[in-house]
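Worksheet for the structure shown next.
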Amino acid sequence: MTEIDFNKSFYTDNFSREEFINRLEGISSIENKTISAIPFGCNKTPVEYLPNFISGNRFVEITKNYEGLQLYKLTHNIKHKEERIEEGFFFIYEHPQYNNVYIAFTIEDSQFFHYELRPYLENLYPDVVLTFIKSNKLKNLIKNFKYKNSLTEIKITRATQKLRFKEEKSMTAITWPKATLEEAFNWLYNNNGWFKSLQFEAIRNEKVLANIYINRKGIVRTYRYFNKVFEDFIQPVCKLIDNNMKLFSNRSRRENPNLAVKPLVIQYDSDVFKDIEENEIFIKSVKQIKSASVSVLHGNPYIHLSFLDYYDGSIFDIWVLNSNQIAIVPQMKGSTAAIKRLINHIFDTYAEGKIIDYESAKI
Amino acid sequence: MNKEKKTIENSIDDYNNTIHAIVGFINFYRYDTEKKEYKEDIKVFQGRKLNISDTPDKFLTPDIGILLPTNCGVIGEVKNNFPKDKSYWLKNFTQLMSYDNDLIGWTSVDEKIRTHDIVLLLHHSRSREVLNYFLNNKGKEINFIKPFIIIEYTRSDQRQAYIFFRKEYGNLSDNNINELLEKGEQVPMWVFLKEYSTIKIYDSEPELAFMLHLIWTYVVSMKASDNPRFKTLAKNQKIEVKIKIDEVMTELYEGYSFYRFHRENLERQPKIPKLEWIKRACEKFISLNEAKWDDNSKQSVTFYFKKYDDTLSYFIEKCSDDVQNKEQLELFSDIEDK
């Protein structure tokens, strides 16, 4: 009963963005409610876009519209077997520092989060784009969080990881031995894998301060300790989204004078394409992507692929012309979302590298 | 993989290699390696219509045309795949000899220049044989008054992919480039990534399967993606996309040919791909039930856009089934590609 009343007050009070974050801290620390956050990038204004978008049987209505912050009610008419309605509330927080970066927050239960809000937002792709966090970045975020907050232990309680297999599709495995953070990341690195998601306890002197979930897409959930999690996980994820939105945007030839191309490069520290067998592995990896046409114009010794994204019609040429770089050349249409999806896929199924502009890439 | 598919793939590869060779060669003139930028006073064209001064009705369309600030020029012809049958070779040299005239139609003010070099670019695999043929026939059936140069090229793959150019015969009028190519020069493919990605077609008709792939990927799918059903279209569903064939041509010409090299001098530049290539491709789409003519005038086509996992392989498969195409391919191996 208390919970319902509390939610009601949270959904009816007026506040600024700053007050909103403080209220979430209160909800997290006093009410012991889990706060869920989905940071995302969007070139459209959610307040105009979301209410007009019907995603399957899900739709949203604005119930409050503050400056830089809106409260939405999400309704899902389920018609499977017996008709019923699932509904809940979420906020869209317009990031004050980064244009086109937003955070969807909810304090509703995990059922609503996993089965309603997340699918709703993910269905808005390619207009709504989540991010991807490279393994090393994820490790550093957690290490930094531990150091900054004088934690004595990070205990992984649950994790999902994928291993990049040379001949098979990536494999998912759940549960982890009680390894330290360092051991867990090292094991994955040595086995050519990455964490899809991580759930861990933040411990100081044997006291569990928070239970935190973060995944590769930048989705964060925390049970207590919200302010610190906001500062050390959610904010860096927003910055990452902003960086990528800037790096990936305006790459379509149609957006550039004289239809000029603006390629991107994935740079590797080592000569990953030193052995010619690697070409086939890479091509197989790219071909695993869903909803795209991948054609091989040349496969050996150099690689030239033609890539057509079936979500929004973006087209890329993909080139491997030396042993440590992959070039991605957007054609007439090369959306931010499609670039992100392609790079994300290469990182997931082949290898993670550094993304840079072609003009600053050195041979 | 069956023989027909392999033959089509090789033909597409040859086509792309020819484009790479054209781009690589013109950039010896166009690219300032010290300043690492393109020179603005070099004019380059591909497939431009030039006349021999005494036969104004007859056009020549060399693969490469370069106009230098000295009012001299370079005409080049690229042969990635010289015919197997040597009886056709003289025809190739006759074509080159037709360039050994004062040509009209350059991008200079009066459309004339002082003089020009004539360059034959040959793939390494045939260069020695062709060179010997030339030397044996030089002064007999083959004669050049203007400087004639043979340059071979081949891809070399070490830590990075290069195209290696080396002069095999004659002297280029530009001393620096002549000296460079005397020793042989590796051009990293990486440097011309932008050109390689945007130039997919030149003034020689590509393999039909490749033409279908280009139209489907770069024109039809772009149009289809404007349809709200595009994102959720299932593999067994289709979107109707109505396009005028002029529009198909313009889209490929302005986006994927050598257009941007000569866009300031369009008057003698034929639009590539040619309309008849597009029509031929459309007829094939129609025979594959991938499209229909909108009316008897055949000026507009409705494509039935579908999502294929690999459009190029799909169209290679479809074209390799075509008996008529197979006959053309057999013929292709014995005659020059242009």
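In order, the protein sequence lines correspond to chains A and B. Residue numbering for the first sequence is 1 to 363, as defined by this note's numbering. Residue numbering for the second sequence is 1001 to 1338, as defined by this note's numbering. Backbone N, C-alpha and C fix where the C-beta goes; we use that ideal spot for every residue, glycine too. Source: prediction; values computed, not measured.
Asked: Endpoints, alpha helix (DSSP H) assigned at B/K1307; Found: Segment: none, B/K1307 is in no alpha helix (DSSP H) and carries neither H nor E.
Asked: Residues that B/V1074 bridges to, as DSSP identifies them; Found: B/I1066, B/D1117
Asked: Spatial distance of A/I85 from A/S55 (CA atoms); Found: 15 Å
Asked: Residue interval of the alpha helix (DSSP H) (run including B/L1288); Found: Element bounds for B/L1288: n/a, residue is neither H nor E.
Asked: Three-way DSSP call (helix, strand, coil) for B/Y1099 in this model; Found: coil
Asked: Cα-Cα separation, B/E1336 to B/Q1095; Found: Confidence at B/E1336 is low in this model, with a pLDDT of 45, below 50, so the placement of that residue should be treated as unreliable; the coordinate-derived value is given next. In a straight line, the C-alpha of B/E1336 is about 11 Å away from that of B/Q1095.
Asked: A/R412 classed as buried or exposed, judged by whether at least 16 other C-beta atoms fall within 10 angstroms; Found: No answer is possible for residue 412 of chain A: it lies beyond the span of chain A, which begins at 1 and ends at 363.
Asked: B/K1242 CB to nearest heavy atom of the ligand NAD below 6 Å; Found: The ligand NAD is absent from the structure shown, which contains no ligand whatsoever.
Asked: Residues within the region 1131 to 1144 of chain B neighbouring chain A, beta-carbon criterion of under 7 Å; Found: none
Asked: Identity of the residue in A/I156, A/L259, A/E182 nearest A/I214 by Cα; Found: A/I156
Asked: Minimum C-alpha distance to B/D1102 - residue among B/H1124, B/E1004, B/E1077, B/F1059; Found: B/F1059
Asked: Within-7 Å CB hit, A/I355 to chain B; Found: no
Asked: Backbone CA spacing between B/I1149 and B/G1170 [nearest angstrom]; Found: 4 Å
Asked: Contacting residues, own chain, Cβ-Cβ under 6 Å from B/T1311 (five flanking each side not counted); Found: H1213, W1216, T1217
Asked: Span of the alpha helix (DSSP H) around A/K134; Found: Unbroken run through A/K134: none, as it is neither H nor E.
Asked: Which of helix, strand or coil DSSP assigns to B/K1235; Found: coil
Asked: For B/I1163: DSSP bridge partner residues; Found: B/R1155, B/V1187
Asked: Below-7 Å beta-carbon distance, B/L1266 vs any chain A residue; Found: no
Asked: First through last residue of the alpha helix (DSSP H) which encompasses A/Q97; Found: That residue, A/Q97, is in no alpha helix (DSSP H); it is neither H nor E in DSSP.
Asked: For B/Y1153 and B/H1124, the rounded distance between their alpha carbons; Found: 5 Å
Asked: Under the three-state DSSP convention, the category A/F347 falls into; Found: helix
Asked: Residue range of the beta strand (DSSP E) that includes A/L209; Found: 207 to 215
Asked: Exposure of B/N1080, with buried meaning 16 or more beta-carbon neighbours within 10 Å; Found: buried
Asked: Interface positions of the region 1298 to 1319 of chain B facing chain A (Cβ-Cβ less than 8 Å), listed along the chain; Found: K1307, Y1308, D1309, D1310, T1311, L1312, S1313
Asked: Beta-carbon gap between B/V1301 and B/I1243 smaller than 7 Å; Found: yes
Asked: Among B/N1175, B/M1189, B/R1126, the one whose alpha carbon lies nearest that of B/D1157; Found: B/M1189
Asked: Cβ contact check for the region 1009 to 1019 of chain B and the region 262 to 282 of chain A: 3 or more pairs under 8 Å; Found: no
Asked: Nearest residue (CA-CA) to B/N1289, options B/R1159, B/K1306, B/P1273, B/L1181; Found: B/K1306
Asked: Nonlocal neighbours in the same chain, by C-beta distance under 6 Å from A/E168, ignoring five residues either side; Found: Confidence at A/E168 is low in this model, with a pLDDT of 45, below 50, so its placement is unreliable and the value that follows should be read with caution. Within the same chain, A/E168 has no close Cβ partners at all.
Asked: Residue of A/H95, A/T106, A/N243 minimising C-alpha distance to A/E231; Found: A/H95
Asked: Neighbour flag for A/G193 against chain B, beta carbons, 7 Å; Found: no
Asked: Contacts that B/A1397 makes with chain A (C-beta to C-beta distance below 9 Å); Found: The question about residue 1397 of chain B has no answer here: the residues shown for chain B are numbered 1001 through 1338.
Asked: Per-residue burial, B/V1109 [other beta carbons within 10 Å of its own, 16 or more giving buried]; Found: exposed
Asked: C-beta neighbour in chain A for B/L1096, strict 7 Å; Found: no
Asked: Rounded C-alpha distance that separates B/C1319 from A/K196; Found: 43 Å
Asked: Distance between B/R1030 and B/L1068 (C-alpha atoms, nearest Å); Found: 9 Å
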